[in-house]
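J.:
Right, here's the structure in full:
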């Protein structure tokens with residue numbers, strides 16, 4: 001593995017010191033922040049999410065805040081999902097597109113008040129995007145990145161841990177709903193959310209100076225359930241079919257290609273960015289779709305950084321966008337962004353590390 | 368140093384295989400690409416730029432291409448520098464600002480034709496930004512990121528190497544001017560440019576499949592002058608006073624604060640983004656400015672990831688945005704983004720790694 005050189009372009013999170021204490025060994029960068037990706041024990045970190053409870057520094061899920069009389073209007077202009085039924089205290093997963101219907105992010109939109117929204121974003125600059133649109137359309141709304149840094153608590157035992165910190169009311173939270181609260185005077189938002197399918201919460205820290213304190217409160221509360229450090233887990237997310245914007249998408253990907261069609265409401269107003277293009281794409285049918293791949297072979301494969309060609313009958317039909325060893329399936333599995341002419345069950349080949357590896361297309365999720 | 372975990376969100380460059388062969392040991396991420404930052408011999412890499420010739424993978428300086436009848440109009444709308452005198456074959460350094468006059472990038476704008484511009488960008492998503500503005504203003508222009516990947520050749524012996532590859536005409540290129548050409552059938556643009564003050568060129572590869580081939584052509588041509596691998600060098604750039612967008616700027620920085628005022632033309636048309644705000648800021652005078660800092664002490668300091676507070680008489684007056692050991696000055700030097708009440712010659716203190724380190728403000732550049 002290569003080293004990552006410090007630079008002020010890459011911001012540490014409020015939990016940086018805490019993750020150092022936990023023995024973080026590797027990072028990725030995400031929204032110009034460092035996100036821990038390993039604490040040196042990848043398999044143990046995986047099973048902790050599947051069977052126990054895991055604590056993640058996901059401060060890099062930055063919040064783009066829309067505040068002011070036109071906040072709701074801007075939120076709807078940015079998202080081709082109908083947000084009119086979104087209540088205060090509710091979050092909604094929403095793909096964002098550019099004017100051509102190309103996916104540019106897939107945030108959770110949190111409605112904190114009629115004039116206050118957060119977009120809890122994936123890895124692209126929605127601050128730039130939202131700001132440009134707001135100014136060009138003359139809207140009365142302030143677009144900012146507030147001091148808000150999520151920490152995730154994920155796994156089947158996460159609810160017990162979060163309830164022991166904040167109270168049993170968290171057990172009643174519906175998926176993506178949230179409540180503003182505080183613990184030991186630390187202001188937070190607690191949401192049922194998180195980038196795994198093992199259940200859990202995200203705690204949005206609203207005071208970056210208190211990251212270590214919040215980390216340790218949760219760690220202490222989880223001790224009896226063997227809580228430990230983790231991160232958005234590459235293996236679990238592939239098994240669960242979770243798309244990574246920017247990793248599994250390119251500069252032509254539309255929501256229909258990556259199983260996000262159900263989050264697009266074609267009836268939203270014409271001033272919603274991308275909706276006209278999305279209607280056209282929907283009518284014509286997408287050119288590609290997202291499927292699973294199971295590769296032959298009994299040893300873990302190293303995927304590396306770049307997409308790999310998927311071939312069928314000697315011709316390229318799509319791209320392998322990620323691939324990992326599944327500890328539960330004991331196979332190498334991955335995602336295909338592939339021609340709609342290809343279907344689950346089809347035999348394909350992947351060219352990786354100079355070798356041709358046979359495989360089979362599958363439906364998603366795997367588990 | 369921490370590891371960096373592979374992910375398809377972080378794209379390898381066309382020179383990735385070549386830099387692996389050169390023994391790259393560390394990367395940073397820049398525009399969602401991997402940029403080599405060390406080949407394991409930092410001091411040797413530094414002196415190679417100062418005294419010899421160094422070869423850099425700067426493919427992460429992505430090109431945002433504006434193409435179409437409104438390309439020139441969009442370029443001017445995006446840049447608060449007067450581009451009307453820019454000739455075909457000429458590049459101009461131009462700060463880009465948002466509507467509030469906040470710096471959002473500082474590209475070289477290359478005019479390839481009346482209807483074709485490249486913005487050779489720093490580390491922020493100008494594809495998003497330019498695309499949003501073009502669509503919102505109804506301009507007839509295609510905004511894309513073409514298959515173009517710069518390699519830099521820097522140092523006092525760079526001109527000899529580049530001339531031996533492309534011909535003596537490169538010696539006549541003026542700063543930021545360029546010419547489209549080819550070598551062994553590889554299409555490139557050769558510009559006198561580069562992020563150092565030691566002189567040199569950037570070779571913009573226009574076919575990503577041929578990165579290794581181009582790398583090796585330049586490497587072979589440079590052998591007699593002891594060419595070797597390097598990267599935008601942190602020590603040289605601090606000595607030379609070169610600002611890093613995103614590293615030395617924050618979400619409130621305007622061009623006047625970071626010595627870019629001479630690249631802002633206040634007379635450009637009112638539809639140029641940010642110009643009205645920039646006129647107001649210029650009239651009122653900026654709140655902060657950029658100065659050098661020389662710290663006391665005879666041993667190199669590790670700066671890390673985040674900005675450090677600069678204090679004077681016990682109160683915070685600014686931020687240390689970067690700091691490095693200067694091999695030529697044999698001192699720790701850095702950049703201050705600091706209140707305009709502070710001047711060169713003032714004594715200040717920096718809080719770093721739990722210690723208070725005295726220092727002195729200076730003019731820039733250092734060398």
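Protein chains in written order, with the numbering used here: chain A, 1 to 367; chain B, 368 to 734. Quick reminder that beta carbons are idealized off the backbone N, C-alpha and C, glycines included.
1. Hey, could you find the ends of the alpha helix (DSSP H) residue 282 of chain A is sitting in?
2. Among B:438, B:701, B:517, which residue has its Cα nearest to the Cα of residue 689 of chain B?
3. Which residue or residues does DSSP assign as beta-bridge partners of residue 520 of chain B?
4. Which residues, in order along the stretch 302-313 of chain A, keep a beta-carbon less than 7 Å from a beta-carbon of chain B?
5. In chain A, what lies closer than 7 Å to residue 471 of chain B by C-beta?
6. Along the chain, where does the beta strand (DSSP E) containing residue 731 of chain B start, and where does it finish?
7. Where residue 479 of chain B and residue 492 of chain B are concerned, what is the direct C-alpha to C-alpha distance, given to the nearest angstrom?
8. When we look at the beta-carbon of residue 264 of chain A and count the other beta-carbons within 10 Å, is it buried (16 or more) or exposed?
9. Quick one: give me the first and last residue of the beta strand (DSSP E) that residue 406 of chain B is part of.
10. Count the C-beta pairs between the stretch 652-663 of chain B and the stretch 710-726 of chain B that are closer than 8 Å, then say yes if the count reaches three, no if not.
11. Considering Cα atoms alone, identify which of B:481, B:521, B:377 is closest to residue 568 of chain B.
12. Which chain A residues sit within Cβ distance under 8 Å of residue 500 of chain B?
13. Select from B:392, B:557, B:489 the residue whose C-alpha is nearest the C-alpha of residue 596 of chain B.
14. For the stretch 1-33 of chain A, which residues have a CB atom closer than 8 Å to at least one CB atom of chain B, in sequence order?
15. Among the residues of its own chain, which have a CB less than 7 Å from the CB of residue 192 of chain A, if the five just before and after it don't count?
16. Verify the contact flag: residue 676 of chain B, CB atom, against every heavy atom of the ligand ADP, threshold strictly below 7 Å.
17. Which bits of chain B does residue 125 of chain A rub up against, with CB to CB less than 7 Å?
18. In chain order, what residues of the same chain have a beta carbon less than 7 Å from the beta carbon of residue 547 of chain B, not counting five sequence neighbours either side?
19. If I measure Cβ to Cβ from residue 425 of chain B and keep anything under 6 Å in the same chain, skipping five residues before and after, which residues do I get?
20. Tell me whether residue 727 of chain B sits in a helix, a strand or coil according to DSSP, three-state version.
21. When we look at the beta-carbon of residue 227 of chain A and count the other beta-carbons within 10 Å, is it buried (16 or more) or exposed?
22. Helix, strand or coil: how does DSSP classify residue 191 of chain A here?
23. Decide yes or no for the touch test of the stretch 431-447 of chain B against the stretch 520-537 of chain B: beta carbon pairs closer than 8 Å, at least 3 of them.
24. Note down, in chain order, every chain B residue with its Cβ under 7 Å from the Cβ of residue 99 of chain A.
25. For residue 21 of chain A, report the span of its alpha helix (DSSP H) as first-last.
26. Less than 8 Å between the C-beta atoms of residue 232 of chain A and residue 198 of chain A, yes or no?
27. Can you check which of these residues, B:449, B:626, B:590, is closest to residue 731 of chain B by C-alpha distance?
28. Just checking, does the stretch 455-472 of chain B make contact with the stretch 643-651 of chain B on the three C-beta pairs under 8 Å criterion?
29. Answer yes or no: does any C-beta atom of chain A fall closer than 8 Å to that of residue 606 of chain B?
30. Using the DSSP secondary-structure output, state which residues sit across from residue 229 of chain A in a beta bridge.
31. Tell me where the beta strand (DSSP E) around residue 27 of chain A begins and ends.
32. Could you work out which residues of chain B lie near residue 145 of chain A, taking near to mean beta carbons separated by less than 9 Å?
33. Provide the residue span of the beta strand (DSSP E) that contains residue 716 of chain B, from first to last.
34. Could you tell me which uninterrupted alpha helix (DSSP H) segments, each at least 4 residues in length, are contained entirely in the stretch 444-479 of chain B, listed from first to last along the chain?
35. What does residue 656 of chain B pair with, by DSSP beta-bridge criteria?
36. Helix, strand or coil for residue 415 of chain B, going by three-state DSSP, please let me know.
T.: According to the data block:
1. For this step, residue 282 of chain A is matched to residue 282 along the first chain. 275-284 is the extent of the alpha helix (DSSP H) around residue 282 of chain A.
2. The count along the second chain starts at 1 and reaches residue 689 of chain B at position 322. When only C-alpha atoms are compared, the closest one is B:701.
3. For the purposes of this step, residue 520 of chain B is taken as the residue at position 153 of the second chain. Answer is B:422, B:568, bridged to residue 520 of chain B.
4. 303, 304, 305, 306, 307
5. Indexing the second chain from 1 puts residue 471 of chain B at position 104. Per Cβ cutoff of 7 Å: 128.
6. The residue given as residue 731 of chain B occupies position 364 in the second chain. From DSSP, residue 731 of chain B is part of no beta strand (DSSP E); its letter is neither H nor E.
7. As a working note, residue 479 of chain B is residue 112 in the second chain. As a working note, residue 492 of chain B is residue 125 in the second chain. Straight-line Cα distance between these residues: approximately 21 Å.
8. Translated into positions along the first chain, residue 264 of chain A becomes position 264. Residue 264 of chain A is buried by the Cβ-count criterion.
9. As a first step, residue 406 of chain B is located in the second chain; it is residue number 39 there, counting from the start. Element bounds for residue 406 of chain B: n/a, residue is neither H nor E.
10. yes
11. Here residue 568 of chain B refers to the residue found at position 201 when the second chain is read from its first residue. Comparing Cα positions, the closest option is B:521.
12. The sequence position of residue 500 of chain B within the second chain is 133, counting from 1. Per Cβ cutoff of 8 Å: 132, 136.
13. Along the second chain, read from residue 1 onward, the residue named residue 596 of chain B stands at position 229. Nearest C-alpha to residue 596 of chain B: B:392.
14. 1, 2, 3, 4, 5, 6, 7, 8, 9, 10, 11, 12, 16, 24, 25, 26, 27, 28, 29, 30, 32
15. Residue 192 of chain A sits at position 192 when you count from the first residue of the first chain. 173, 174, 175, 176, 177, 201, listed in sequence order.
16. Within the structure as shown, the ligand ADP is missing, as the structure has no ligands at all.
17. Counting from one through the first chain, the residue named residue 125 of chain A turns up at place 125. The answer, in chain order, is 491, 492, 495.
18. Translated into positions along the second chain, residue 547 of chain B becomes position 180. Contacts found: 556.
19. Reading the second chain from its first residue, position 58 is the one you call residue 425 of chain B. Closer than 6 Å at the Cβ level, and outside the excluded window around residue 425 of chain B, lie 517, 519.
20. What you label residue 727 of chain B is simply residue 360 of the second chain in a count that begins at 1. Residue 727 of chain B: strand per DSSP, three-state reduction.
21. Taking the first residue of the first chain as position 1, residue 227 of chain A is located at position 227. Burial call: buried.
22. Position 191 of the first chain, counting from 1, holds the residue named residue 191 of chain A. Three-state result, residue 191 of chain A: strand.
23. no
24. For the purposes of this step, residue 99 of chain A is identified with residue 99 of the first chain, where counting begins at 1. Per Cβ cutoff of 7 Å: 502.
25. The residue you call residue 21 of chain A lines up with position 21 of the first chain. Segment 16-21, the alpha helix (DSSP H) holding residue 21 of chain A.
26. What you label residue 232 of chain A is simply residue 232 of the first chain in a count that begins at 1. What you label residue 198 of chain A is simply residue 198 of the first chain in a count that begins at 1. No, the Cβ-Cβ distance between residue 232 of chain A and residue 198 of chain A is not below 8 Å.
27. Translated into positions along the second chain, residue 731 of chain B becomes position 364. Ranking B:449, B:626, B:590 by Cα distance to residue 731 of chain B puts B:626 first.
28. yes
29. Within the second chain, residue 606 of chain B is the residue found at index 239, counting from 1. Judged by the 8 Å Cβ criterion, residue 606 of chain B is not in contact with chain A.
30. Counted from its first residue, the first chain places residue 229 of chain A at position 229. Answer by DSSP bridge pairing, in chain order: A:55.
31. Locating residue 27 of chain A in the first chain gives position 27, counting from the first residue. Note, residue 27 of chain A: beta strand (DSSP E), 26-30.
32. As a first step, residue 145 of chain A is located in the first chain; it is residue number 145 there, counting from the start. Result: 618.
33. The count along the second chain starts at 1 and reaches residue 716 of chain B at position 349. Segment 714-719, the beta strand (DSSP E) holding residue 716 of chain B.
34. none
35. For the purposes of this step, residue 656 of chain B is identified with residue 289 of the second chain, where counting begins at 1. In DSSP, residue 656 of chain B forms a bridge with B:705.
36. Residue numbering aside, residue 415 of chain B sits at position 48 when the second chain is read from its first letter. It is helical.
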